[in-house]
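Peer 1:
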Amino acid sequence: MKAVAVKPGTPNSVHLREIPEPSLNEIPNGRGVKVKVLKVGVDATDREINEALYGNAPEGDDFLVIGHECFGIVEEVGDQVTHVVPGDYVTCTVRRPGGSIYDDIGRSDITSEEVYFERGINLRHGFMIAYFVDGAELVVQMPPRLKHLHVLAEPMSCAAKAVQQAYDAQRRLQVWEPKLAFVMGAGQIGLLATLILKLRGLEVFTMARSPGPHLKQEIVESMGAKYISTSETTPEELTKQLGQRPDLIVECTGSSRMAFKSMELVGHNGVVVWTSITGADNTVEIPADAINLHWVLGNKLLVGSVNANFRPFEMGIQDLALGELTYPDVLEKILTNPVDGLDNYEEMMRLLVEDKNALKVFINVAEE
Ligand code: BGC
Ligand code: ZN
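Heads up: the sequence shown begins at 91 in the working numbering, then just goes up one per residue.
#1: Where do the ends of the beta strand (DSSP E) carrying Pro428 lie?
#2: The ligand ZN and Thr343: does any heavy atom of the ligand fall closer than 6 Å to the residue's C-beta?
#3: Below 7 Å between beta carbons: does that hold for Thr343 and Ser366?
#4: Which of the three DSSP states, helix, strand or coil, is assigned to Ser319?
#5: Mapping DSSP to helix, strand and coil, what is Gln231?
#6: Can you list, in chain order, the residues of its chain whose CB lies under 7 Å from that of Pro428, leaving out five sequence neighbours each side?
#7: Using 6 Å as the cut-off, classify the Cβ of Asp193 as near or not near the heavy atoms of the ligand ZN, replying yes or no.
#8: Please state whether DSSP places Glu457 in a helix, a strand or coil.
#9: Taking DSSP's pairing of strands, which residues face Cys160 in a bridge?
#10: Please give me, in chain order, every unbroken run of the beta strand (DSSP E) with length at least 3 that falls completely inside the region 237–279.
#11: Is Asp445 helix, strand or coil when you go by DSSP?
#12: Do Ile309 and Lys423 count as a contact pair if the criterion is CB distance below 7 Å?
#13: Below 7 Å between beta carbons: does that hold for Tyr179 and Met218?
#14: Can you look up Asn102 in the DSSP assignment and give me helix, strand or coil?
#15: Tell me the DSSP secondary structure of Phe153 in three-state form.
#16: Under 6 Å from any heavy atom of the ligand BGC, by CB: list those residues in chain order, please.
#17: DSSP on Ile381, reduced to helix/strand/coil?
#18: With burial defined as no fewer than 16 other Cβ atoms inside 10 Å of the residue's Cβ, what is the status of Asn102: buried or exposed?
#19: Using the three-state DSSP reduction, which class does Lys124 fall into: helix, strand or coil?
#20: Once the 5 residues before and after Gly394 are set aside, which same chain residues still bring their CB inside 7 Å of it?
#21: Could you give the first and the last residue of the continuous alpha helix (DSSP H) run that contains Met353?
#22: When burial is assigned at 16 or more other CB atoms within 10 Å of the CB, is Ser113 buried or exposed?
#23: Determine contact between the region 179–192 and the region 135–150, defined as no fewer than three beta-carbon pairs at a distance below 8 Å.
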């Protein structure tokens, strides 16, 4: 079957190749699920992988099949699989277990090992193929009425985990009733985090550089949040205008400068979640004394969050469902750029790299 792959270490090596179709009995004990891939999304991680800044091939191979945001339909299940049946729509988690205690308890998203295994990213082949097979505990059901949101399930799982980590960590305070949130960045994670926080009843300001009107602003405002162009109003100016600092900041700009800037913005007892993956080696000067002082005097907290296991996938899918009911027809606007067929992988990469207005590029791999 066809697969879209790269040669890790070689920039711009994206190509089409033939690999064998997987079979259900690759997964032991009747726990296998075979999925026909319908759609696969790409994001900045795929761009960095194609630029050879990130990602590694599985041991013994000199190529990596890419694609970690998948949506498909179950084709076949092993005799011990009960939570999905052929014909169900599904998505799939990305990390695979390593050897730490967290991996043992199904939390490879917080593995304590340096090496991590991620389908389509690091040491495991991905989903840009016609069929994949994986263990039942990794395959997540999508409600049929959400099939139009398909590849958003994976980025949504990362956003859901990030917000949940902040809430879990804030239990340190005994009482925490956040009212005001800043979301730094209005890419897919920023927009999905905006939704999650609105659904939790917060006042949300979502920020990105470019002044509106544009699609990002439209999506943010359709969800009842406010869009701020940081080239018109800096986040500091915003806190002055509001007369208060945010209780929670979700940082997802992709810029470490903004990640550190967020530390200067959050209010007393507040929490900042960092989600940006910054593969380059930029440096930045920070007001270290001031940050340290206010961080200590304000009992502030910084949490890093990556990836998501089964549970945040479910939480994210539930929030997609609630989001559809609360703000109808808004989320699908994130899915801006479809490309038809794996054969068109070059067009997919071109859109991902060059089209600054593309919020989400995805491949229609097959019809049902
Ligand atoms: C993926 C995550 C992954 C992270 C780090 C993101 O693009 O969505 O699942 O953990 O990259 O590799
Ligand atoms: Zn991703």
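We put the CB at the ideal spot given by N, CA and C, even for glycine.
Peer 2: Quick look at the numbers:
#1: 427–430
#2: no
#3: yes
#4: strand
#5: strand
#6: Phe452, Asn454
#7: no
#8: coil
#9: Val130
#10: 270–274
#11: coil
#12: yes
#13: no
#14: coil
#15: coil
#16: Asp133, Thr135, His158, Val184, Glu208, Ile211, Glu244, Cys248, Ile367, Val396, Asn397
#17: helix
#18: exposed
#19: strand
#20: Trp364
#21: 346–355
#22: exposed
#23: no
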